[in-house]
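In the numbering used here, the protein residues as written are 5 to 662.
Some notes on the structure that comes next.
This is how it looks when you write it as structure tokens:
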């Protein structure tokens, strides 16, 4: 115990630093802790007498202080006295803390930046310049030994004569954590030195930590940091694990000792912030670390489950999954911007890291042509893949899912999406229940790369009416996946797709399914329509690699369509056991560069009444055995039976949609 002549502390590993020996996500100390290449050093600078935050304090880290390198990392504390400095390399570091006006005594300390976690918290308590210091400082208890890993011990610093000044605790040695208020948590066997400092006064003691045995006393330890979105420590946060709650101090550290092993939710709450929750699993004899980041409350941000009738307008930021439960309703006003964070604070759904909107109740997203509603990512990617080989692509959010629900005993929900723009989602809209109306909506830059299934503008797998009209699907991987397979021609109006445009989608405009497709345009896709079941009427299919591709599917009727300027106009693979008559009739099949029609497989296709243009019409009139633009032998599948007993000699229509 002594009074030093300089306000400098040398050889200290940390200053109230969170010495957690596990990487983020719950890896335990002593079980192969993670190693990082850089660390975010965060913390707070306060008045040693009042704990008042000190803004405007310069905090500087100087790695390798005894070497030649003097590269520095600097920040200035904010109004709450906090700082955060990224990319500080682990190892021996000098830390300088000073106020330009000299109102508080500056100090310089040497610390060890940890290499076993991405963030560490350092709290420094400065003494106001000119303050009379007590005569002595005594740190107690002295020389504790045989503390098992996972144990906790409270230290105190007594000043004589008594003083309101509070000490800064530092720990030398990789044996555990000392919090800003003197709680030591043992995390690794060994011997270290704990020091308490007030101005130029200091006192030290050794601490010896021993192994806890295979499972210790059968319990584990949970500890971590509570941080804001800028990685600055949050004090006064209530952290709850199981049925126990602790409140964080100046350094944002929380700790639970003697916790029963097993899975448990951990929540963190503070006034003015949105409650954070994560799940973790504790193991006996292991110290588990968990970071908890709290977001400041914003009336225009939301995550979780809606209740009652809710209306959104202006700019809404979603920070996690949103659920519209049965009996609730969500109405979104024209012109609203709905932005999704690139993380999910609900940690649920089909991907715990990405946001999705689940709809079981009423959902009215009705914009106008002048004021559309936009659903997108808050941080949109710089570019979207332009070739199939560039997928899968990491879409920032998952999209809107219309969920299947049992409607017995309650009203069927009313779901309308009109005049919206939906972009950068894994699945723009996924329909698993209905009825649903989607009208005059743009789907662009959507894909589903995480599960390695095709990108979806709309994924239809419902047995209720789906009405999609006037929509544009552009620059998606797949414009639409229709996974509803229905026998016959879908004359029951289960799925109707009308007056839509499928433009420049990387792979397919429409992939699969049944229903009525009419008055739609397919242009600039790799494949305009792939494996569709049902009927396609009055559509324009042009400038695709393949306009129509049908592979071993059920009944198809393609009629009154303009199929032109594709490499292959229509391709049919009809299995030899398929006895159903597929119909490609009364279409304009013209100006496709390789083939107007290509068929294989041994089945039967009716291709009567089409206009084939020249030279095919002349060849048909002459009863030519080989037709230059119609191929009936593709690869090893062999020929099919094609019926072309009649044909048109001029175009049917000028097609206003072309």
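Even glycine gets a Cβ: it sits at the ideal position worked out from N, Cα and C.
If you look at residue 625, you'll find it in the alpha helix (DSSP H) that goes 620–625.
Sorting 296, 42, 530 by C-alpha distance to the C-alpha of residue 241 places 296 at the top. A residue is called buried once 16 or more other Cβ atoms fall within 10 Å of its Cβ, and residue 56, having fewer, is exposed. Per DSSP, residue 358 is not a residue of any beta strand (DSSP E), being assigned neither H nor E. Approximately 6 angstroms separates the beta-carbon atoms of residue 538 and residue 520; this is inside 8 angstroms, confirming the contact.
Between residue 550 and the set 472, 440, 358, 596, the nearest pair of CA atoms involves 596. The alpha-carbon separation between residue 626 and residue 390 amounts to approximately 45 angstroms. Non-local C-beta neighbours of residue 165 in its own chain, meaning closer than 8 angstroms and more than five positions away in sequence, comprise 138, 139, ordered along the chain. Residue 147 counts as exposed, since fewer than 16 other C-beta atoms from the protein chains shown sit within 10 angstroms of its C-beta. If only uninterrupted beta strand (DSSP E) runs of at least 3 residues are considered, those enclosed by the region 581–611 are 586–589, 592–594, 599–604, 608–610. For residue 316, DSSP records a beta bridge to 336. CA-CA distance, residue 149 to residue 212, rounds to 5 angstroms. The residues 64, 66, in chain order, have a CB closer than 6 angstroms to that of residue 76 in the same chain once the five nearest residues on each side in sequence are set aside.
The shortest CA-to-CA distance from residue 181 to any of 203, 127, 275 is the one to 127. Excluding its 5 nearest sequence neighbours in each direction, residue 84 has C-beta neighbours in its own chain below 8 angstroms: 48, 57, 59, 236, listed in chain order. For residue 233, the number of other beta carbons within 10 angstroms of its own is below 16, and it is reported as exposed. Here residue 208 really is in contact with residue 197; their C-beta atoms are around 5 angstroms apart, less than 8 angstroms. With distances taken between CA atoms, residue 362 lies nearest to 402 out of 374, 338, 402, 347. Annotated three-state conformation of residue 56 is coil, per DSSP. Contact between the region 436–446 and the region 474–483 is present: three or more C-beta pairs spanning the two stretches fall below 8 angstroms.
By the C-beta density criterion, residue 586 is buried, having at least 16 other C-beta atoms within 10 angstroms. Between residue 317 and residue 335, the CB-CB gap reaches or exceeds 7 angstroms.
Within the same chain, 347, 348 come within 7 angstroms of residue 357 by CB-CB distance, once the 5 residues on both sides are set aside. Spatial neighbours of residue 152 in its own chain (CB-CB distance under 8 angstroms, excluding positions within 5 residues in sequence) are listed in chain order as 190, 213, 214, 215, 216, 217, 220, 221.
With fewer than 16 other Cβ atoms inside 10 Å of its own Cβ, residue 387 counts as exposed.
Residue 370 is bridged by DSSP to 422. Judged by DSSP secondary structure, residue 555 falls within the beta strand (DSSP E) whose first and last residues are 550–555. With respect to the 7 angstroms criterion, residue 516 and residue 532 are not classified as neighbours on the basis of their beta carbons. Measuring C-alpha to C-alpha distances from residue 343 to each of 325, 355, 332 identifies 325 as the nearest. The beta carbons of residue 288 and residue 280 sit no closer together than 7 angstroms. According to DSSP, residue pairing for residue 96 in a beta bridge involves 116. The three-state reading of DSSP puts residue 546 in strand, counting E and B together. A distance below 6 angstroms between beta-carbons, with the five flanking residues on each side excluded, links residue 505 to the following residues of its chain, in chain order: 476, 525. Note on geometry: alpha-carbon atoms of residue 154 and residue 225 lie some 6 angstroms from one another.
In the three-state reduction of the DSSP assignment, residue 393 falls in the helix class. Measuring C-alpha to C-alpha distances from residue 609 to each of 575, 451, 633, 646 identifies 646 as the nearest.
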